[in-house]
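K.L.:
Residues in the sequence shown are numbered from 719 upward in steps of one, following this note's numbering. Quick one: the structure is below, questions incoming.
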Amino acid sequence: MAFFGHLATFFTFAALVLQIFSMIGTTYNQPFLRDLYFVKVSTGSEFAIAGLWSYCTGSISGGVSMCTKPIPAFNWGLADGAAGRFLDGISNLDRVFLANFILYWIALGFTFFALIITVMSHFRRGPDFLAFLMTLVAFVIQMIVFIIILVISIRGLNAARGESASVSGNLGPSMWMTLGAFVALLFSSIGYCFACICGPGRTRSNVKV
């Protein structure tokens, strides 16, 4: 049925938007971008936030004051100043950050091509089946990405809190958008599956000879 195809496409588009927003967070000190981060560490009146590409620092009263130049697979533990001082407990995870960064791009690529395929094919069974496979793979990869970044964030927060009792921290919006992306991909893969089962192209028993 076209309903399932349209529903799956909606969830695929939603997942793509969430993936993009998660990736561009903290890249520049601009409204909206500086509000998208994975983890935030605060000590006294200062704080630092980190994303996939860079980190930003600021004060409780003045907000974000500076964001570093974007670097692919940025290692949070190598940050300078307060951010690096409290996150250096995860500085030995370069390969983990690199793997997470690459997997994020792969998941985004599968999601993007699944969306293009299903829209351009007008919800036919064959392309919908391909979109199902692509969103299923994207879901698995995105789930792995979420687990990796969640473990890194929790480990970083615990390391920071171990440095000083005055340190506090929390997970940021990009973390929950990553979670939302892989949930949306799960729903989209289920939708494409039902679209293939219920969609046109089935052999009819009343075909006239």
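Note that the Cβ used here is the ideal one computed from N, Cα and C, for glycine as well.
Quick one: Cα of Thr727 to Cα of Gly762, how far?
P.N.:
Going from the Cα of Thr727 to the Cα of Gly762 covers about 46 Å.
K.L.:
Spatial neighbours of Gln860 within its chain, please: C-beta separation below 6 Å, excluding the five flanking residues on both sides.
P.N.:
Cβ neighbours of Gln860 beyond the five flanking positions: Ala825, Ala899, Phe900 and Leu903.
K.L.:
Run the CB neighbour count on Gln737, radius 10 Å, all protein chains shown included, and call it buried at 16 or more, exposed below.
P.N.:
Buried, since its Cβ has 16 or more Cβ neighbours within 10 Å.
K.L.:
Is it a yes or a no for the segment 861-869 touching the segment 816-834, going by three-plus beta-carbon pairs under 8 Å?
P.N.:
Yes, since at least three Cβ pairs between the segment 861-869 and the segment 816-834 fall closer than 8 Å, the two stretches touch.
K.L.:
Please tell me whether Leu833 and Thr896 are closer than 9 Å, where the distance is taken between their beta carbons.
P.N.:
The answer is no: Cβ separation not under 9 Å.
K.L.:
Given that a residue counts as buried once 16 or more other Cβ atoms are within 10 Å of its Cβ, and exposed if not, what is Met784?
P.N.:
Exposed, since its Cβ has fewer than 16 Cβ neighbours within 10 Å.
K.L.:
Under the three-state reduction of DSSP, which class applies to Thr744: helix, strand or coil?
P.N.:
Of the three classes helix, strand and coil, the one that applies to Thr744 here is coil, per DSSP.
K.L.:
Under the rule that 16 or more other beta-carbon atoms within 10 Å means buried, what is Arg813, buried or exposed?
P.N.:
Exposed is the call here.
K.L.:
Could you please give me the residues that DSSP links to Tyr773 through a beta bridge?
P.N.:
Its beta-bridge partners are Ala768.
K.L.:
Quick check: Gly769 and Thr744, are their CB atoms within less than 9 Å of each other?
P.N.:
It is a contact, given that the beta carbons lie within the stated cut-off.
K.L.:
Which word fits Gly844, buried or exposed, when buried means at least 16 other C-beta atoms lie within 10 angstroms of its C-beta?
P.N.:
Result: exposed.
K.L.:
Please report the Cβ distance between Leu848 and Ile862, rounded to the nearest whole angstrom; I am assuming they are in contact, meaning their Cβ atoms lie under 8 Å.
P.N.:
Leu848 to Ile862, Cβ: 22 Å. No contact.
K.L.:
Report yes if the CB atom of Ser886 is closer than 9 Å to the CB atom of Tyr755, and no otherwise.
P.N.:
Contact flag unset, no.
K.L.:
Verify whether the separation of the beta carbon atoms of Ala913 and Phe850 is less than 9 Å.
P.N.:
Cβ distance < 9 Å, so Ala913 and Phe850 count as in contact.
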